[in-house]
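Numbering (the working numbering), first residue to last: 17 to 474. Just so it is clear, CB atoms sit at the ideal spot from N, CA and C, and this is done for glycine as well. Below is one structure, written out as structure tokens; comments come after it.
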Ligand code: ARG
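Encoded structure:
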């Protein structure tokens, strides 16, 4: 069967190799729910404009609904010779309705059809990913009850830096995933405009009503310029960028917990249903889900790169290159979706190893900066205090003690005015309790933020 897009201008059938080379049905079949919805809205608009009769419209809607049923239950047979999902569905409609079916494509081109379908598909994907991000945020905030009294070392350069509440860490991730959600919502606003009726690129001479079909499909409005509409894939790029940022956040978290699950850190017990074993080493309980989450971020970033390079240097308006946008978009969405599906229960099911964390909490001088600030509060200039505490750290290292274990004489050797109130800020627990600033790890500040997040996610 020759394709509906092959007009009377051709003197031969397409070369078989070209057919195989240029098909997209192998990957765009999944656009069928959007394609059917778009075609139904288009037909109804055409009827409202008296371009189709009410009866013709009804026949088309009924036949498209039937075709959707066949696609849903797997009885619809797609043909490579019809190139893509759009023409496969249209041909099936023509097979059912003859000339009435041949009227559906009035005032429409595959260029605006593909763009509309892809906008609808991406909009759904964004909504699914937003819900998964919310689940993950709930997992992190959900931990804040059980982990409220746990202090962990925080790191810069992967060297022990300052003590923080575990809840402060959980909220750090919650904030990152919140920005991811806001970026997606912003992207969704820009993509939620309808390209139907921009036709090939210049619009149409037929009296269509673009606002009508846009409203039927839940769009906020129409893409203003038909040439722009035909060539625009910014919404795909933006979505892939948002997905890449999510993947990077997931990858950072995965890396952190891979480290925390080592014997060397021994901070966390991962739920065994999210771990795998080794075929030779019986003791191994490996964090493969976290490793794959970290690894799969490479694919998502690669998908973004593919899309950026694909769209670079294309002249106006539609170019066939744009058919290649779907595999990387679908892959980025699928990858982030599965990673998020696993991340939420994994976060909820992991257990902090409190004793192990606490047994080494006084190592690494986590209270040194707090001690420095104690001196600053007493009037010592920061640079001088920084130098003095550095010297004290050296003394403690030589004596194999913590700062809190040093004698008052050790402190007074550096600053004769120091008295025993210095011990009020020493030791990790007291150091954490000394924090004050907004956004800090101060227990009252963290408790306020936990409460705010609990209310926000409720
Ligand atoms: N299969 C193509 C795609 O997905 C359809 C493009 C239709 N437009 C065209 N001028 N050939 O992009």
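Secondary structure of residue 66 (DSSP, three-state): coil. Straight-line spacing of the CA atoms in residue 185 and residue 283 works out to 13 Å.
Counting along the chain, no alpha helix (DSSP H) covers residue 176; the unbroken beta strand (DSSP E) around it starts and ends at 175 to 181.
Under the three-pair Cβ rule at 8 Å, the region 289 to 296 does not count as touching the region 229 to 237. In the same chain as residue 440, and ignoring 5 residues on each side of it, the C-beta atoms closer than 7 Å to its own belong to 446, in chain order. For residue 168, the enclosing beta strand (DSSP E) covers residues 167 to 172.
Assignment of residue 292 by DSSP, reduced to helix, strand and coil, places it in the strand class. Around the Cβ of residue 416, a 10 Å sphere holds fewer than 16 other Cβ atoms; the residue is exposed.
Residue 110 carries a helical assignment under DSSP once its states are collapsed to helix, strand and coil. Here residue 36 has 96 as same chain residues with Cβ atoms under 8 Å from its own Cβ, once five neighbours each way along the sequence are excluded.
Counting C-beta pairs with one atom in each stretch, the region 298 to 314 and the region 381 to 394 have fewer than three that are closer than 8 Å, which means they do not touch.
When 253, 404, 399, 114 are compared, the shortest CA-CA separation from residue 340 is found for 253. Collapsing the DSSP output to three states places residue 239 in coil. When DSSP reads this structure, residue 284 sits in a beta bridge with 368. Between residue 142 and residue 203, the gap from beta carbon to beta carbon is short of 8 Å.
Taking residue 168 as the centre and dropping the five residues before and after it, the same chain places the C-beta of 180, 182, 185, 283, 373 closer than 7 Å to its C-beta, in chain order. At a cut-off of 7 Å, the beta-carbon of residue 22 does not count as near ligand 1: no heavy atom of the ligand is closer than that. DSSP assignment within the region 93 to 148 yields no whole beta strand (DSSP E) run of 3 residues or more. Under the three-state reduction of DSSP output, residue 302 falls in the strand class. Inter-segment contact for the region 463 to 470 and the region 150 to 163 is present: three or more beta-carbon pairs are separated by less than 8 Å. In this structure, 120 is the residue among 120, 398, 39 with its C-alpha nearest to the C-alpha of residue 72. Burial is judged here by how many other beta carbons sit within 10 angstroms of a residue's own beta carbon; residue 206 has fewer than 16 and is exposed. Cβ-Cβ distances below 8 Å link residue 430 to 404, 407, 408 in the same chain, with the five nearest sequence neighbours on each side left out; the list follows chain order.
Taken atom to atom, the span from the alpha-carbon of residue 318 to that of residue 263 is near 11 Å. Spatial neighbours of residue 145 in its own chain (CB-CB distance under 8 Å, excluding positions within 5 residues in sequence) are listed in chain order as 200, 259, 262, 349, 352, 353, 356.
Taking non-hydrogen atoms of ligand 1 into account, the C-beta of residue 130 is found less than 7 Å away from one of them.
DSSP, reduced to helix, strand and coil, places residue 320 within a helical segment of the structure shown.
Each of 19, 150, 123 was checked against the Cα of residue 111, and the nearest Cα belongs to 19.
Put simply, the region 211 to 220 touches the region 240 to 251. At least three CB pairs are less than 8 Å apart. If you compare the alpha carbons of 456, 53, 33 with that of residue 229, the shortest gap goes to 53.
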